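Trainee: After the structure tokens below, expect a handful of questions from me.
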Amino acid sequence: MEQLEIYLDAIRAKLPALLVGLSVLLVLIICSRILKKLISARVKPKAKNPLIADFIGQVVSTTIILIGVILFFQIIGFGSVATTLVTGAGIMTFIIGFTFKDIGENFLSGILMAFKSPFRIGDLVQTGDITGYVTSLSLRETTLKSLDGKDVFIPNSTILKEPLSNFTIDGFLRYEFVIGVDYQEGVAKILEDIQNRMETIPGVLLGAHKPSTFISGFETNTVNIKVLFWIDTFDKNAKADHFQIKSRAMNQVLNLLLDSDINMPANIMELKNYQDKKFEIDVSKQ
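Numbering (the working numbering), first residue to last: 80 to 365.
This is how it looks when you write it as structure tokens:
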């Protein structure tokens with residue numbers, strides 16, 4: 080009982096300091112959350128990469144909370160505990176970082192991407208075998224909306240390690256298709272006609288990014304013509320719009336060749352007889 084009385088007296092003596100310390104800690108925690116939201120609201124609209132706002136907000140919030148914990152122990156008279164806590168926090172950070180190195184790696188990758196990101200929200204990118212639009216960014220992972228509608232969550236460390244293609248960073252994206260015509264046709268005239276037709280299609284860019292046509296190869300039955308054209312991804316951001324422009328272009332070229340009576344032969348099979356016998360077909364088996 081005497082020992083219990085000693086403990087109760089110690090608690091009574093520390094109670095005012097404990098209440099003050101808890102009040103200071105609570106106020107700083109609230110301030111850290113308010114500042115984090117304020118930074119996010121002010122910095123995100125101005126920053127090219129929203130990760131910068133998240134990173135700054137997280138650093139400020141964590142720093143304020145850490146200061147609050149140190150002040151709490153100082154106020155209640157356990158300054159040495161505060162020093163030990165700070166030292167132990169560094170050691171624990173190292174241990175946790177080593178134990179959960181993948182999480183730490185993704186977090187550090189997110190920090191690097193905050194200051195030098197290869198894409199923005201809404202960009203069409205490809206990493207590995209995944210192609211999609213960037214829908215959200217965080218310090219740990221990036222979310223892509225794949226072209227078939229799946230939400231793909233990719234760790235930031237994977238994005239930094241893998242080659243990444245950004246199809247929309249400068250606003251221009253090129254599409255192409257191939258069409259084959261008969262060897263007997265006037266290919267030079269066909270190239271010119273396709274070029275002129277492509278320049279009239281809505282959504283196909285002109286000027287420095289105007290369409291181009293050229294012979295891409297000689298197949299067994301056709302001369303293959305490749306058609307290249309560019310679209311403005313800032314104006315046509317949705318993948319469906321891209322496909323509509325490409326479909327319109329292919330349909331226009333096909334109609335042009337059909338209206339001009341240009342022969343587009345299918346595969347032709349050639350049969351050779353190396354014996355002095357005629358080919359005989361048994362009609363009864365047909």
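Ideal placement from N, C-alpha and C gives every residue a C-beta, glycine not left out. Values in this document were obtained by computation on a predicted structure and should not be read as measured data.
Determine the burial state of PHE297: buried for a count of at least 16 other Cβ atoms within 10 Å of its Cβ, exposed for fewer.
Mentor: What you label residue 297 is simply residue 218 of the sequence shown in a count that begins at 1. So PHE297 counts as exposed.
Trainee: Just tell me which of LEU284, LEU243, PRO281, VAL302 has its CA closest to the CA of VAL260.
Mentor: Here residue 260 refers to the residue found at position 181 of the sequence shown. Minimum Cα distance to VAL260 is reached at VAL302.
Trainee: Helix, strand or coil for GLN153, going by three-state DSSP, please let me know.
Mentor: Within the sequence shown, residue 153 is the residue found at index 74, counting from 1. Looking at GLN153 - three-state DSSP - the assignment turns out to be helix.
Trainee: Measuring alpha carbon to alpha carbon, tell me which residue in LEU117, THR279, PHE256, LEU114 is nearest PHE322.
Mentor: Taking the sequence shown and counting its residues from 1, one reaches residue 322 at position 243. Per the Cα distances, PHE256.
Trainee: Report yes if the C-beta of THR222 is less than 7 Å from at least one heavy atom of the ligand GDP; otherwise report no.
Mentor: Judged by which ligands are present, the structure shown has none, so any question about the ligand GDP falls away.
Trainee: If I measure Cβ to Cβ from SER215 and keep anything under 6 Å in the same chain, skipping five residues before and after, which residues do I get?
Mentor: Numbered from its first residue, the sequence shown carries residue 215 at position 136. Excluding residues within five positions, the ones whose Cβ falls inside 6 Å are THR222.
Trainee: Verify whether the separation of the beta carbon atoms of PHE308 and MET277 is less than 8 Å.
Mentor: Within the sequence shown, the letter at position 229 stands for residue 308. Within the sequence shown, the letter at position 198 stands for residue 277. In this structure, MET277 lies closer than 8 Å to PHE308 by Cβ.
Trainee: Can you give me the C-alpha to C-alpha distance between LYS180 and LEU218, rounded to a whole angstrom?
Mentor: Start at 1 with the first residue of the sequence shown, and residue 180 comes out as number 101. Start at 1 with the first residue of the sequence shown, and residue 218 comes out as number 139. For LYS180, the pLDDT reaches just 49, beneath the cut-off of 50, and the residue's location in the model is therefore unreliable, although a value from the coordinates is still provided. When rounded, the distance between both Cα atoms is 15 Å.
Trainee: To the nearest whole angstrom, what separates the beta carbons of ILE258 and ALA328, a pair I think is in contact under 8 Å?
Mentor: As a working note, residue 258 is residue 179 in the sequence shown. As a working note, residue 328 is residue 249 in the sequence shown. About 11 Å separates the two Cβ atoms, so there is no contact after all.
Trainee: For ASP314, which of helix, strand or coil comes out of DSSP?
Mentor: On the sequence shown, position 235 is the one that residue 314 refers to. Here ASP314 sits in coil by DSSP.
Trainee: Rounded to the nearest angstrom, how far is the Cβ of PHE198 from that of ASN235, given a contact under 8 Å?
Mentor: The sequence position of residue 198 within the sequence shown is 119, counting from 1. The sequence position of residue 235 within the sequence shown is 156, counting from 1. PHE198 to ASN235, Cβ: 12 Å. No contact.
Trainee: Cutting at 6 Å between CB atoms, please list the residues of its own chain near ILE200, excluding the five before and the five after it.
Mentor: In the sequence shown, the residue the question calls residue 200 occupies position 121. Excluding positions up to five away in sequence, the list reads VAL213.
Trainee: Quick one, are the C-beta atoms of SER140 and SER111 less than 8 Å apart?
Mentor: As a working mapping, residue 140 is identified with position 61 in the sequence shown. As a working mapping, residue 111 is identified with position 32 in the sequence shown. Their beta carbons are under 8 Å apart, which means SER140 touches SER111 by this criterion.
Trainee: Closer than 8 Å by C-beta to ILE144: which residues in its own chain qualify, once you throw out the five before and the five after it? Chain order, please.
Mentor: As a first step, residue 144 must be located in the sequence shown, where it is residue number 65. Closer than 8 Å at the Cβ level, and outside the excluded window around ILE144, lie LEU107, ILE108, SER111.
Trainee: Going by beta-carbon coordinates alone, are THR210 and LEU226 separated by less than 8 Å?
Mentor: Translated into positions along the sequence shown, residue 210 becomes position 131. Translated into positions along the sequence shown, residue 226 becomes position 147. Yes, the pair counts as a contact, with Cβ atoms nearer than the cut-off.
Trainee: What distance in whole Å lies between the Cβ atoms of ASP311 and LEU284, which are believed to be in contact at a cut-off of 8 Å?
Mentor: Position 205 of the sequence shown holds residue 284. Position 232 of the sequence shown holds residue 311. Confirmed, about 6 Å.
Trainee: Determine the DSSP secondary structure at ILE248, reduced to helix, strand or coil.
Mentor: For this step, residue 248 is matched to residue 169 along the sequence shown. Coil, per DSSP.
Trainee: Do you know whose CA, among LEU104, LEU187, GLY265, ALA96, lies nearest ILE149's CA?
Mentor: Translated into the one-based positions of the sequence shown, residue 149 becomes position 70. Residue LEU104 is the option with its Cα nearest to ILE149.
Trainee: Grouping DSSP H, G and I as helix and E and B as strand, with all else coil, what is TYR353?
Mentor: Translated into positions along the sequence shown, residue 353 becomes position 274. The answer is coil: DSSP assigns TYR353 none of H, G, I, E or B.
Trainee: Let me check understanding here. Comparing Cα to Cα, which of SER102, GLN137, SER295 lies closest to LYS116?
Mentor: Translated into the one-based positions of the sequence shown, residue 116 becomes position 37. The option with the nearest alpha carbon to LYS116 is GLN137.
Trainee: Write down every uninterrupted run of the alpha helix (DSSP H) in the segment 255-298 whose length is 4 residues or greater and which is fully enclosed by it, in chain order.
Mentor: 266-277
Trainee: According to DSSP, simplified to helix, strand and coil, what is SER215?
Mentor: In the sequence shown, residue 215 corresponds to position 136, counting from 1. Strand, per DSSP.
Trainee: Are the beta-carbon atoms of THR247 and LEU203 separated by less than 8 Å?
Mentor: The count along the sequence shown starts at 1 and reaches residue 247 at position 168. The count along the sequence shown starts at 1 and reaches residue 203 at position 124. Their beta carbons are under 8 Å apart, which means THR247 touches LEU203 by this criterion.
Trainee: Determine which residues share a DSSP beta bridge with ARG24 and list them.
Mentor: Residue 24 is absent from the model: the chain starts at 80 and stops at 365.
Trainee: Could you check the C-alpha separation between VAL99 and ILE146 for me, to the nearest Å?
Mentor: Residue mapping note: residue 99 aligns to position 20 of the sequence shown, counting from 1. Residue mapping note: residue 146 aligns to position 67 of the sequence shown, counting from 1. Each residue's Cα considered, the two are about 15 Å apart.
Trainee: Measuring straight from C-alpha to C-alpha, what distance separates ASP272 and GLY265?
Mentor: Mapped onto the sequence shown, residue 272 falls at position 193. Mapped onto the sequence shown, residue 265 falls at position 186. Rounded to the nearest angstrom, the two C-alpha atoms are 11 Å apart.
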